[in-house]
Amino acid sequence: MKKIRQPIIAVLGHVDHGKTTMLDRIRNTRVAEKEAGGITQHIGATEVPIDVVKQLAGPLLSLWKGEIKLPGLLFIDTPGHEAFTSLRARGGSLADLAILIVDVNEGFQPQTLESIEILRKYRTPFIVAANKIDRIKGWKITENEPFLVNIKKQDQRAQQELETKLWELIGKFYEIGFQANRFDRVQDFRKELAIIPISAKYGIGIPELLVLISGLAQKYLEEKLKIEVEGPARGTILEVREEIGFGTTIDVIVYDGTLKKDDMIVVGGKDKAIVTKIRALLKPKPLDEIRDPRYRFDQVEEVSASAGIKIAAPGLEDALAGSPVIAVRGEEELERAKGEILDQ
Ligand code: GTP
Ligand code: MG
Ligand code: NA
Numbered sequence: 547m548k549k550i551r552q553p554i555i556a557v558l559g560h561v562d563h564g565k566t567t568m569l570d571r572i573r574n575t576r577v578a579e580k581e582a583g584g585i586t587q588h589i590g591a592t593e594v595p596i597d598v599v600k601q602l603a604g605p606l607l608s609l610w611k612g613e614i615k616l617p618g619l620l621f622i623d624t625p626g627h628e629a630f631t632s633l634r635a636r637g638g639s640l641a642d643l644a645i646l647i648v649d650v651n652e653g654f655q656p657q658t659l660e661s662i663e664i665l666r667k668y669r670t671p672f673i674v675a676a677n678k679i680d681r682i683k684g685w686k687i688t689e690n691e692p693f694l695v696n697i698k699k700q701d702q703r704a705q706q707e708l709e710t711k712l713w714e715l716i717g718k719f720y721e722i723g724f725q726a727n728r729f730d731r732v733q734d735f736r737k738e739l740a741i742i743p744i745s746a747k748y749g750i751g752i753p754e755l756l757v758l759i760s761g762l763a764q765k766y767l768e769e770k771l772k773i774e775v776e777g778p779a780r781g782t783i784l785e786v787r788e789e790i791g792f793g794t795t796i797d798v799i800v801y802d803g804t805l806k807k808d809d810m811i812v813v814g815g816k817d818k819a820i821v822t823k824i825r826a827l828l829k830p831k832p833l834d835e836i837r838d839p840r841y842r843f844d845q846v847e848e849v850s851a852s853a854g855i856k857i858a859a860p861g862l863e864d865a866l867a868g869s870p871v872i873a874v875r876g877e878e879e880l881e882r883a884k885g886e887i888l889d890q
């Protein structure tokens, strides 16, 4: 049976430009506030069910032509600090689509460019969120308002200042070979980068951001997102971590097939392929961040792509973040998976 899986959407950008805050707005969580030094140090994952997307998008959904088939969105949060290049690359390589966040007041910064290079390397389509528009002098804030409603309430000076900052961004993109434009002025989304002005802190522009990312995923990625649900699972390790009561576990993004509790898995390790049997599949609640959940994980019997899932199994001490996880049913599949992992 075929189904459309959730698109995997990486959030990338320079340190403190507002990636985690944007996800907090969507999830109604406070992950960013609790981070040591205000810095994200791990890669995260959160499932946003389509009902929540619809609710946040509100009346803007009418812009959406046709039926929404996506079951939801799976967001990957990445760190912006310069020390975490490999985590950004891991997030970027996993993604079907990405949101590049740029603080509109700071403009392009070193990890903005690095993020763009990662997206280019993996040919990941992306949109740009020009964040922190509320910091523009005299900006009038109405929480969770669509940008196109909010902008009409601003006085001439504030509107002009945003316009100037957006033109600076568009100019920077032009220098590196991208044609970019404010989203409502884009004619062809395959040729132009869409920039959505937002305030992650106050939720302004989040409705448009969600409508656009979901619309683009459905319009341009439908074939890629169509998967054989019954097939054996494939995934990538986000992080290897200790979990009280479970020993060493791996946080995994499953992007294909179905992972079952009885499955044997082959996991990439330090110079070897680890073959092990799943002890527990731990699924975060919807809207919970896998690296900082509010609620206890559910122990599930199986999970279908796409999903963020914590796997407990013996022998994961040497598992290597960024490596593949392949579920196997039978000897032949096992040998093939081992070979594939050792070839990496
Ligand atoms: P790293 O993951 O460490 O790279 O940072 P980040 O991109 O996740 O940024 P984070 O969400 O940690 O936000 C950094 C700071 O900017 C925090 O103090 C946020 O409250 C603030 N911030 C984020 N978005 C906005 C916004 O839209 N407006 C304002 N005024 N502040 C914001
Ligand atoms: Mg962050
Ligand atoms: Na931060």
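Its first residue numbered 547, the sequence shown is counted upward by one per residue in this note's numbering. Glycine is no exception: its CB is placed at the ideal position from the N, C-alpha and C atoms.
query, result
"Length of the line joining the Cα atoms of Ile811 and Ile752", "38 Å"
"Nearest-angstrom Cβ-Cβ length linking Leu646 and Phe672, presumed shorter than 8 Å", "5 Å"
"Neighbourhood of Ala488 by C-beta distance below 6 Å, restricted to the same chain and skipping five residues each side", "What is shown of the chain runs 547 to 890, which leaves residue 488 out entirely."
"Cβ-heavy atom distance, Pro743 to the ligand MG, below 7 Å", "no"
"Distance cut-off 7 Å: Asp570 Cβ against heavy atoms of the ligand MG", "no"
"Sequence-distant residues of the same chain with beta carbon closer than 8 Å to Ala865, five excluded per side", "Ile783, Val786, Thr794, Ile796, Val813, Gly814, Gly815 and Ile820"
"Chain-ordered residues, beta carbon under 5 Å from a heavy atom of the ligand MG", "Lys565, Thr566 and Thr586"
"Own chain partners of Arg573 with C-beta closer than 8 Å, once the 5 adjacent residues on each side are dropped", "Thr592, Val594, Leu833, Asp834 and Glu835"
"Which listed residue (Ser869, Ile687, Glu754 and Leu640) has its alpha carbon closest to that of Ala851", "Leu640"
"Contact test: Asp680 Cβ vs the ligand GTP heavy atom, cutoff 7 Å", "yes"
"Contact set for Arg681: own chain, Cβ-Cβ below 7 Å, skip 5 residues either direction", "Asn651"
"Gly637 beta carbon near the ligand NA (any heavy atom closer than 7 Å)", "no"
"Beta carbon of Ile550 nearer than 8 Å to that of Leu616", "yes"
"Cβ-heavy atom distance, Val561 to the ligand GTP, below 7 Å", "yes"
"For Arg728, the three-state DSSP class (helix, strand or coil)", "strand"
"Given Lys699 as reference, the closest of Glu709, Glu848, Trp685 and Gln657 once Cα atoms are compared", "Trp685"
"Three-state secondary structure (DSSP) of Lys667", "helix"
"His627 Cβ short of 7 Å to the ligand GTP heavy atom set", "yes"
"Candidates Ile790, Gln587 and Gly653: closest to Phe630 by CA position", "Gln587"
"Bounding residues of the beta strand (DSSP E) (the contiguous stretch that carries Ala591)", "Gly590 to Pro595"
"8 Å contact criterion, which Glu788 and Lys856 should meet: CB distance rounded", "With 8 Å as the limit, Glu788 and Lys856 do not qualify as a contact, their Cβ atoms being about 11 Å apart."
"Where Ala582 falls, given that 16 or more other Cβ within 10 Å makes a residue buried", "exposed"
"Contact check, Ala873 vs Asp817, beta carbons under 8 Å", "no"
"Closest residue to Lys548 among Pro656, Glu707, Tyr841 and Gly777 (Cα-Cα distance)", "Gly777"
"Closer than 7 Å: Ala746 CB and nearest the ligand GTP heavy atom", "yes"
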